[in-house]
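Let me begin by presenting the structure, written as structure tokens, before commenting on it.
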């Protein structure tokens with residue numbers, strides 16, 4: 001059975017991280033973008049990361065940070081993967097010597113392949129809704145039916161929640177799903193019941209996809 005990976009983004013405290021891990025999510029995202037209400041500094045993030053069990057991936061999220069700030073954050077934390085969510089180039093992203101994924105704010109679905117081709121060194125791409133002047137965490141969703149196939153692993157984000165994630169998986173069959181606002185009680189604070197229900201919805205969608213084959 002295909003197993004869709006799950007990333008909970010915008011983790012700000014150990015309680016939320018521990019609950020997400022107990023629900024068997026695959027990755028936790030830590031947002032270092034200072035304009036985000038979910039922002040956490042690298043030292044605080046690392047204190048949470050140090051408590052994670054093996055095989056739970058920690059992801060550091062950056063948005064148009066100066067390179068020296070990224071290097072400093074990396075020196076203070078042990079992120080397994082970097083996520084660049086701004087207007088960064090492939091050369092910039094790969095310059096830090098860590099595996100990375102690149103967020104693509106999808107304005108026109110037909111341009112996906114062209115945008116993906118600009119990041120040949122990315123381990124995957126995260127597809128998020130395009131909102132003018134915003135870099136993720138908006139709760140806006142993509143028209144999943146219009147997303148073309150691509151050869152690179154796709155992490156689907158943008159407006160996902162327990163109600164719609166099953167349909168998103170059915171239509172896109174992504175490598176992973178990424179959720180933040182869809183499992184919150186308020187910005188920066190996760191709702192544990194929503195996390196549990198979201199994970200259950202993903203596993204149900206995986207099971208149904210397997211049964212349809």
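In the numbering used here, the protein residues as written are 1 to 213. Every residue, glycine too, gets a C-beta built ideally from N, C-alpha and C. Note that the structure is predicted; figures quoted are calculated from it, not measured.
- Checking the DSSP bridge columns, you'll see residue 178 partnered with 7.
- Between the alpha carbons of residue 198 and residue 161 lies a gap of roughly 7 Å.
- Excluding residues up to 5 positions away in sequence, 31, 38 and 180 lie with their Cβ nearer than 6 Å to the Cβ of residue 10 in the same chain.
- For a cut-off of 8 Å, the C-beta gap from residue 153 to residue 123 is around 7 Å, short enough to register as a contact.
- Contact between residue 79 and residue 63 fails: their C-beta atoms lie close to 15 Å from each other, not under 8 Å.
- Under the DSSP definition of a beta bridge, residue 184 partners with 190.
- When the five nearest sequence neighbours on each side are left out, the beta carbons in the same chain lying within less than 8 Å of the beta carbon of residue 202 are those of 4, 6, 165, 166, 169 and 177, in order along the chain.
- Runs of the alpha helix (DSSP H) spanning 4 or more residues and lying entirely within the segment 34-122 occur at 42-49, 67-76, 90-94 and 112-117, in chain order.
- For residue 16, the enclosing alpha helix (DSSP H) covers residues 14-22.
- Only residues of its own chain outside the window of five on either side were considered, and among them 32, 42 and 60 have a CB closer than 7 Å to the CB of residue 73, listed in chain order.
- Assignment of residue 159 by DSSP, reduced to helix, strand and coil, places it in the coil class.
- Counting along the chain, residue 27 sits inside the beta strand (DSSP E) bounded by residues 27-31.
- In this structure residue 190 is buried. Its beta-carbon is surrounded by 16 or more other beta-carbon atoms within 10 angstroms.
- Between residue 148 and residue 112, the C-beta spacing is below 8 Å.
- In the structure shown, residue 128 falls within a strand segment according to DSSP collapsed to helix, strand and coil.
- Under DSSP, the beta-bridge partners assigned to residue 154 are 125.
- By the beta-carbon neighbour count (other beta carbons within 10 angstroms, threshold 16), residue 8 is buried.
- Taking the C-beta atoms as reference points, residue 158 is found nearer than 8 Å to residue 128.
- Excluding residues up to 5 positions away in sequence, 96 lie with their Cβ nearer than 7 Å to the Cβ of residue 71 in the same chain.
- In this structure residue 118 is exposed. Its beta-carbon is surrounded by fewer than 16 other beta-carbon atoms within 10 angstroms.
- Sequence-distant partners of residue 12 (beyond 5 residues in either direction) whose C-beta falls short of 7 Å from its own C-beta, in its chain, are 38, 40 and 188.
- Per DSSP, the unbroken alpha helix (DSSP H) holding residue 168 starts and ends at 165-172.
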